[in-house]
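Residue numbers (the numbering used here), protein chains in the order written: chain A, 1 to 600; chain B, 1001 to 1078.
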């Protein structure tokens, strides 16, 4: 690219900041620039352009009055002197609309929001290529570079002993969930139309309402099959044109920002996901109906649901997954119910990038029997390892009232089991105003210290990726749009300041329970997060000394809890006896699936 | 007195409009306000990205200097 000679002229009484920014970018790109002062007559601008023998003229206009007249006069004078045919002519600024510039004979008009890089591309006569989302247009690997080494040898031994013992215990057992996952894999591999016997075997492991769906065509829950035209619309959404998303992060390359979806309808999900992607989300998290987690078996086909949560079927998942942008990470959760191993099978078959597993949370905070979920969860983790699906280990039992130390001990055990099986976990502490914190006052002064303490504590224990969630700021949101966007943005800024790997953010409808989340509410928290990232850049928030003190206390408490779990013999017994959260903490061993574990 | 008479100044409509480009979104935004019976609207904020636009559209029930219906005089300005 040869050097270009560029004249920059503010065709404006006072404003020249935009042109100064463009000049800096052009200078850095190696071009020769001449910046004129504001408020020169057009004849003077043209005379200077001729005098300096420039090949490009860029003018700026901010004030909104007489814009067409001023710009038209510049073009007229340039044509009268013969200059117009020899130079490229561009105009930009707050008062400029690209359509007006084209109408008046400019080669290019740059409206509000134009970046200096776009102006440089124009000067150099090439198409502007915006920075690719993700890592150069590819999906980032959130687990890259982590060793999963446990720093303290004592904690390392304890975790490995619990993990190995739990895997051995689970491998001697099976459940309807494990069996369905096995059969589902066989069904996926079978030739179309040849799976009748497998389907019959599958149904022997299902609830009556799922059996009724397959045998009599009765949809479970408040669902209905999609109509033909809806299915055609879904299928046509695959491979949609590429978006040019809002750039969320400013200077830092982390954290990846995830948004949650699960409107109930895959068509609406795709529309919402495109909104999220357009406004810069790096990842999407699938939410399934809560009733589905307590129902043995999954349906098939395209289905919509009248309530929150989108049904887990291969068809629904595949349609939503195929409509995402090439750089978008996609997580399908398998963390809490009776269909966890089969969910991982479907997630992998549909092309998901991540899953979510935590048997401790699922059995203490989400209603599934501990023994059942341990067997299913170990199978999930083995499948995640086999399919190469990283997984986060969420700690939502904190929302029941379980203290962070107990929730983190459970998370670390699950992470250790995952590593033992060859999977790659991400630790998901909650950035939340949890009941335990409300009672004990760790956030009476600020929201920084205790959230920072959680990240410090986890890093002190294990070299693993950290993904605060889910969503960040849980229980700090209200129905007010501005408050909700601000609290999300501030928690995002804290996460960025702590240099974590990913975050999950809510919409501004997080606290609204009267209906589905609106797309506009998704835009608002993404815009707010982008603004917070821009505000802080590579600078950071400064928690007080309490953050490190609390981190130390957390590490000590986690070590004691892990020792107690080990002493109890099996993780199953520890869960039933409340070592990782009990009735005094608001956690109760779940009942769904109780009595369904059998010896292999 | 109608509820609209008790609006201190402006009514903002916030929405996400599906539109193939920014100009279409802008036109749809103003049309939406007409359809809602809120004429004379202005687009306060619009950002379009690929599939549609986040918009905030405003119609004034009372501008400064109007006859303010909320004073109880019965006439509505704007």
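C-beta: ideal position from N, C-alpha, C; glycine also.
Just to make sure I have the definition right: I need the residues of chain A whose C-beta is within less than 8 Å of the C-beta of residue i. Which are they?
i              : result
residue 1051/B : 243, 271, 274, 275, 278
residue 1020/B : Those do not exist, as residue 1020/B stays about 11 Å from chain A at its closest Cβ, beyond 8 Å.
Taking 7 Å as the cut-off, decide whether the C-beta atoms of residue i and residue j are in contact.
i             : j              : result
residue 50/A  : residue 77/A   : no
residue 436/A : residue 471/A  : no
residue 670/A : residue 10/A   : Residue 670/A is absent from the structure shown; chain A starts at 1 and stops at 600.
residue 203/A : residue 211/A  : yes
residue 115/A : residue 93/A   : no
residue 19/A  : residue 57/A   : no
residue 264/A : residue 310/A  : yes
residue 342/A : residue 600/A  : no
residue 370/A : residue 576/A  : yes
residue 207/A : residue 297/A  : yes
residue 565/A : residue 579/A  : yes
residue 532/A : residue 495/A  : no
residue 365/A : residue 587/A  : yes
residue 482/A : residue 1054/B : no
residue 75/A  : residue 105/A  : yes
residue 529/A : residue 506/A  : no
residue 487/A : residue 508/A  : no
Per the DSSP calculation, residue i is bridged to which residue(s)?
i              : result
residue 1055/B : 1015/B, 1046/B
residue 32/A   : 5/A
residue 432/A  : 474/A
residue 234/A  : The partner list for residue 234/A (beta bridge, DSSP) is empty, contrary to what the question assumes.
residue 462/A  : 150/A
residue 286/A  : 261/A, 332/A
residue 507/A  : Answer is none; residue 507/A lacks a bridge partner.
residue 223/A  : 305/A
residue 57/A   : 7/A, 89/A
residue 427/A  : 393/A, 466/A
residue 256/A  : 502/A
residue 241/A  : According to DSSP, which records beta bridges pairwise, residue 241/A is partnered with nothing at all.
residue 599/A  : 173/A
Applying a beta-carbon distance threshold of less than 7 Å, which residues of chain B neighbour residue i?
i             : result
residue 520/A : 1014, 1015, 1016, 1054
residue 246/A : 1049
Name the chain B residues that come within less than 9 Å of residue i, Cβ to Cβ?
i             : result
residue 167/A : Simply none; closest approach about 45 Å.
Strictly below 8 Å CB to CB, what residues from chain B border residue i?
i             : result
residue 523/A : 1016, 1047, 1054
Where does residue i fall in DSSP's three states?
i              : result
residue 92/A   : strand
residue 606/A  : The shown model of chain A, from 1 to 600, leaves out residue 606/A, and the question about it has no answer.
residue 1068/B : coil
residue 513/A  : coil
residue 391/A  : strand
residue 106/A  : coil
residue 1039/B : coil
residue 521/A  : helix
residue 372/A  : helix
residue 292/A  : helix
residue 1075/B : Legend: pLDDT at residue 1075/B = 48, less than 50; position of this residue unreliable, value from coordinates given subsequently. Correct three-state label for residue 1075/B: coil.
residue 1060/B : strand
residue 546/A  : helix
residue 249/A  : coil
residue 592/A  : strand
residue 1010/B : strand
residue 114/A  : coil
Kindly examine the ligand HEM and report whether one of its heavy atoms sits closer than 6 Å to the Cβ of residue i.
i             : result
residue 195/A : Absence of the ligand HEM is noted for the structure shown, with no ligands found whatsoever.
Return the chain-ordered ranges of every beta strand (DSSP E) run that is complete within the stretch 312–362 of chain A and spans a minimum of 3 residues.
329–333, 354–356
Alpha helix (DSSP H) runs contained entirely in the stretch 138–215 of chain A, provided each spans 4 or more residues:
153–171, 176–189, 196–203
Going along the chain, which unbroken runs of the beta strand (DSSP E) with 3 or more residues stay wholly within the stretch 464–503 of chain A?
469–474
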